[in-house]
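Participant: Residue numbers (my numbering): 3 to 181. Just so you know, even glycine gets a beta-carbon here, dropped at the ideal spot from N, CA and C.
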Amino acid sequence: PAALLDVEVLCGSVRVHIGGECHICACVGVELMDPVLERKILHPPMRTSAVINWGSNPQITTIGHYAFQEYLGDSIVIPSSVTSLGYGAFSECPNLKNVTLSANLKAIDNYVFANCTSLDSITLPQKLEEIGSSVFENCTALKSITIPNKVTTMYGSIFKHCTALKTVTLGTSLNYIGE
3 PAALLDVEVL CGSVRVHIGG ECHICACVGV ELMDPVLERK ILHPPMRTSA
53 VINWGSNPQI TTIGHYAFQE YLGDSIVIPS SVTSLGYGAF SECPNLKNVT
103 LSANLKAIDN YVFANCTSLD SITLPQKLEE IGSSVFENCT ALKSITIPNK
153 VTTMYGSIFK HCTALKTVTL GTSLNYIGE
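This is the structure we're talking about:
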């Protein structure tokens, strides 16, 4: 099969370059859809290290469930328009080491960075309010993390099997931590 060379997220659609061909796909969150076959074309999995280019004026507010699962790149920058990350959005990304989250991110769903075994640090944005369960499960390189002050809810198993984790600093508004 041809290799995925580039993904460009545009307003309302996604331009995907596979081999020498360009495909325009409808976009639901960031789950890529084949407009003819009406099925997901990159989920699961997204086994590519192509650079994710969000375009010059992204208006994406949600990155959908499993949208970049098994992405092979080592870094990702989430556009400032994004306010939520869907279930498993970046799970199973073994090379992912550098993540820049949107300053406007308010919610991280379950398993978003689960099994990202190279992720050694991440800065959570100050507007973040909720962290789902198992978000960093099995992030074996993660060393420390600070939970922002606006976070009120953290669900269970967030740091399960984070064997290198030495420091977790909790925010002042936290009123629920799950099992």
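1) Helix, strand or coil: how does DSSP classify E40 here?
2) Thinking C-alpha only, which one of V153, L98, I110, L103 is nearest A143?
3) Per DSSP, which residues does S86 bridge with? Please list them.
4) Taking DSSP as the reference, what is the three-state secondary structure of I78?
5) Determine, using beta carbons only, whether S93 and N117 come nearer to each other than 9 angstroms.
6) Is S104 near P127, with beta carbons less than 9 angstroms apart?
7) So what's E139 in DSSP terms, helix, strand or just coil?
8) So the beta strand (DSSP E) S146 belongs to, where does it begin and stop?
Facilitator: With the structure as the only source:
1) For this step, residue 40 is matched to residue 38 along the sequence shown. Confidence at E40 is low in this model, with a pLDDT of 44, below 50, so its placement is unreliable and the value that follows should be read with caution. In the three-state DSSP reduction, E40 falls in the coil class, being neither helix nor strand.
2) Looking up residue 143 in the sequence shown gives position 141. Among V153, L98, I110, L103, the Cα nearest to that of A143 is on L98.
3) Your numbering for residue 86 matches position 84 in the sequence shown. DSSP, once it has assigned bridges, lists T64, A109 as partnering S86.
4) Taking the sequence shown and counting its residues from 1, one reaches residue 78 at position 76. In the structure shown, I78 sits in a strand (DSSP, three-state: E or B).
5) To locate residue 93, count along the sequence shown from 1; it is residue 91. To locate residue 117, count along the sequence shown from 1; it is residue 115. Yes, the Cβ-Cβ distance between S93 and N117 is below 9 angstroms.
6) Walking along the sequence shown from the start, residue 104 turns up at place 102. Walking along the sequence shown from the start, residue 127 turns up at place 125. Going by C-beta atoms, S104 is nearer than 9 angstroms to P127.
7) Numbered from its first residue, the sequence shown carries residue 139 at position 137. Coil.
8) Walking along the sequence shown from the start, residue 146 turns up at place 144. Here the beta strand (DSSP E) through S146 covers 146-148.
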